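A.B. asks: Numbering (the working numbering), first residue to last: 169 to 389.
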Amino acid sequence: MLQFMHKHAKYFYVFFFLVIISFIFLYVGPLDQNQSPVVAEVGKEKIPLDEYWRAYDRFRNFYKEMYKEKFDKKMEEQLNLKQKVLETLIDERILRIEAEKLGLKVSDRELQEAIMSDPAFKRDGVFRRDVYLQTLRINRLTPGYYESMKRQELLVGKMRALIEGAVVLTDEDLKGLKGDESYFNAIRDAMLRDKQQKLLRSYVETLKKSINVKINTELIS
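(1) Answer yes or no: do GLU266 and LEU375 have a C-beta to C-beta separation smaller than 8 Å?
(2) Considering only residues of the same chain and omitting the five flanking positions on each side of LEU304, which have a CB-CB separation below 8 Å?
(3) Going by Cα to Cα distance, which pick from GLU321, ASP292, ILE306 is closest to ALA282?
(4) Between which two residues does the alpha helix (DSSP H) harbouring VAL299 extend?
(5) What are the start and end residues of the alpha helix (DSSP H) that includes VAL253?
(6) Just curious, the beta strand (DSSP E) that GLU373 is in, first and last residue?
(7) PRO311 by DSSP, collapsed to three states: which one?
(8) Work out the CA separation of LYS318 and LEU345 for me, nearest whole Å.
(9) Helix, strand or coil: how does DSSP classify ALA334 here?
(10) On the DSSP bridge list, what partners appear for PRO216?
(11) Output needed for ILE379: all residues of its chain with C-beta closer than 7 Å, excluding positions within five of it in sequence on either side, in chain order.
(12) Reducing DSSP to helix, strand and coil, say where ILE388 ends up.
(13) Go ahead and label GLU260 buried or exposed: buried means 16 or more other beta carbons lie within 10 angstroms of its beta carbon, across all protein chains shown.
(14) What residue from THR256, LYS269, GLU278, ASP357 has the CA that sits closest to VAL336's CA?
(15) Under 8 Å between the Cβ atoms of VAL372 and ALA208?
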């Protein structure tokens, strides 16, 4: 299993990115003023240590749930989990900075629809404001702070969609691909996703060269 995970390590970037995005905005820290030490600075953006550890704990629990007793210290080290979580949080900040430079925005309507469609705030399939406010209170978040974070999450999603939308499969890519329709579509979708991942990875790495990133590795060692 460890050999398989190592061989397919390039896919873990996107996996981490997608899952962290779904977690960090509900677990960003106490109240609106975060006094936690800073584990990394991305341009003017800061990544507080408590945000990092919350993201790390969620991923560690995710893997423990997935692999049960097979997930041990050796697998965690093989995955280089601590570093991957930090890299993904940094990449999220970089994409957000670039989205703002490009003038991408999230409208109030888009924000409202995203919040009201979140299953965490629904009961019997219907959004309930009391559940929404209670959930935020439990996580020690004000509505204003959460909505600001949610807007940033959606902004990063728009940036990712913009980058990935530039990817197309050529006839050369599909050359020699055979099989019935369901098989063909599955392989085609996998190939498209692979190209999208590579472009996204390349784009972020290029942006990193123009953005000052400072990391305090001692805080997570």
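C-beta atoms are modelled at their ideal positions from N, C-alpha and C, and glycine is treated no differently.
Treat the numbers as computed from the prediction; the structure is a model and nothing was measured.
C.D. replies: Taking the geometry as given:
(1) yes
(2) THR310, PRO311, TYR314
(3) GLU321
(4) 297 to 306
(5) 249 to 269
(6) Taken as a continuous stretch (DSSP letters only), GLU373 belongs to no beta strand (DSSP E), being part of the alpha helix (DSSP H) at 349 to 376.
(7) helix
(8) Computed Cα separation, rounded: 41 Å.
(9) It is coil, neither helix nor strand.
(10) VAL206
(11) VAL210, GLY211, ILE262, ILE265
(12) helix
(13) buried
(14) Ranking THR256, LYS269, GLU278, ASP357 by CA distance to the CA of VAL336 puts ASP357 first.
(15) No.
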